[in-house]
Amino acid sequence: MPSVIKLQHLTDLSKSDLAIMAAATVEYAVEGGHDTLALLGLATKLELYAAEVKKQAKTAALNELATYGKGGVAKAGVKLQLAEVGVSYDYTHDPVWQSRNADVTAAKSLLKDWEELLKKIPHGGMVISDPDTGEEYTAHPLLRTAEESIKASIL
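Once you know that position 118 of the sequence shown is 118 in this note's numbering, the rest is easy, because the numbers rise by one and skip nothing.
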């Protein structure tokens, strides 16, 4: 049976140690006939906890990390460095960009409308005409694919 881990013990574990521990925990649950859904529920709560810690500690951590310079610092077995993320530019003042953006926006709208039409093609297909050339062709129903996953919501 996997040992119970306390949060302070996580500082001693490497990335591969955590992966091995996770695999062992899942194997124990599956092979032992334990509740894997409860295990997934716990993992979901741990993800929320980690996200909240990161969000709430961000401002203080950014200030502290700035004192270490570009090289950052290693804490609890994790390298922490300041990094620019989410860089964006304001192109809206440029007239050529505005014109091209309007073209792209219009094209995206036309494409979305066409995709909605294609989704509604009946099982036997249907004859439609190309709006640009007027040429008619037989359109067939789309192939729909999906991947199953698990949606987890904390109550």
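Glycine included, each C-beta is placed from N, C-alpha and C at the ideal position.
In DSSP terms, what residue i is bridged to
i: Lys79; result: Ala74
i: Val127; result: Thr138
Host alpha helix (DSSP H) of residue i (start-end)
i: Thr105; result: Pro95 to Lys119
Helix, strand or coil at residue i [DSSP, three-state]
i: Ala146; result: coil
i: Leu7; result: helix
i: Thr59; result: helix
i: Ala152; result: coil
i: Glu64; result: helix
| said: To test your reading of the DSSP string, which unbroken alpha helix (DSSP H) runs of 4 or more residues are found completely within the region 10-55? | reply: Note on the region 10-55: whole alpha helix (DSSP H) runs with a minimum of 4 residues are 15-31, in chain order.
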